[in-house]
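Single-structure report; data block below.
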Amino acid sequence: MQKYDEIMNKIHVTDEMKKRILSNIDIEMEKGKGPGKRQILPFKTFYKIMAATACLLLLGVSAAVIKPSLVKEPSKIPVEVPTETEENVQGTFRVEEKNSAKELSDTVGFTVKELSSLEEKATVEYVAYGTDLAEINYTWEEQTICLRQSKGAEDNSGDFNTYNNETIIRAGDYKVTAKGNKSDEFSVFLWKDGTYAYSIHADKPLKNADICAFVYEIEKK
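Going by our numbering, the first residue of the sequence shown is number 10, and it counts up by one from there.
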């Protein structure tokens, strides 16, 4: 049992594993998406994904414990040892709904930008994906605007669709990558400011002027 505990303490969720988990989350969100809606991933589905990941890790650990003769050195166990700057697997990666942008910011560890202009007419949902990704959903009538923010420069939209049109829109000092199926309407928008990456997904496509207004609003905060 002591050997098992020693091995379990060395299991670590790497950045690559986090990316795969987030990818699976987005795929599940698309599966459950109905017409005109973008859904927040149900917690049961999220925990299924996490449970599957944990099972794969535990299978590897169990094999190492039950058949120690197959593992000549502890260093050959296929897990990563945490460093001072890394998180433990028991650490922290969870999907959590929050009650406000402040709570969301406190959870992810950075100041989350909002689209305040939508708050009066929309139902707003705040979601933290561990400490890596902040998401705010604004839903009204047949529209949902999903705003995401994360550290770095990578695409965090989680949108794996192929669009007929992809172009660059100038919004002040920012170059916004816009994706859609028409020349003047777009569903996905990506940009970065040197510190954070942002994305907006719109269930009903937006015009250039709409997205420029959103980018200006976010970057003024």
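Where is the CB? At the ideal position from N, CA and C, for every residue including glycine.
A quick note: this is a predicted structure, and the numbers were derived from the prediction, not measured.
Item	Value
Proximity to Asn-146 [Cα-Cα], best of Gly-139, Tyr-135, Thr-140	Tyr-135
Host alpha helix (DSSP H) of Thr-176 (start-end)	Careful: Thr-176 lies outside any alpha helix (DSSP H), inside the beta strand (DSSP E) at 174 to 180.
CB of Phe-195 within 7 Å of CB of Ala-206, strictly	no
Leu-124 versus Cys-155 - alpha carbon distance	10 Å
Buried versus exposed, by CB contacts within 10 Å (16 or more), Leu-203	Checking the sequence shown, residue 203 turns out to be Gly, not Leu. Flag for Gly-203 reads exposed.
Endpoints, the beta strand (DSSP E) within which Ala-110 is located	Per DSSP, Ala-110 belongs to no beta strand (DSSP E); it is in the alpha helix (DSSP H), 110 to 117.
Strand pairing of Ala-5, partner residues [DSSP]	A query on residue 5 cannot be resolved here, the shown segment of the chain reaching from 10 to 230 and no further.
Own chain partners of Lys-160 with C-beta closer than 8 Å, once the 5 adjacent residues on each side are dropped	Phe-119, Asp-141, Thr-204, Tyr-205, Ala-206
Buried/exposed call for Ser-235, threshold 16 Cβ in 10 Å	Only positions 10 to 230 of the chain appear in this structure, which leaves residue 235 out of reach.
Alpha-carbon to alpha-carbon, Asp-164 and Tyr-138	15 Å
Close Cβ partners of Ile-220 (< 8 Å) along its chain, the five nearest in sequence each way excluded	Ile-178, Ala-180, Val-185, Ala-187, Phe-195, Phe-198, Ile-209
Local conformation of Phe-169 per DSSP, three classes	coil
Inter-residue spacing [alpha-carbon to alpha-carbon] between Lys-2 and Leu-113	Residue numbering for the chain in the displayed model covers 10 to 230; residue 2 lies beyond these limits and cannot be assessed.
Local Cβ density within 10 Å of Glu-129, reported as buried at 16 or more and exposed below that	exposed
Three-state secondary structure assigned by DSSP to Ser-125	helix
Distance, Thr-153 Cα to Ala-110 Cα	17 Å
Continuous beta strand (DSSP E) stretch holding Asp-212: start and end	205 to 215
Simplified DSSP state of Lys-201, which is helix, strand or coil	strand
DSSP state of Lys-243 mapped onto helix, strand, coil	As shown, the chain starts at 10 and ends at 230. That puts residue 243 outside it, with no answer to give.
Candidates Asp-182, Leu-215, Tyr-183, of which the one nearest Ser-192 by Cα	Leu-215
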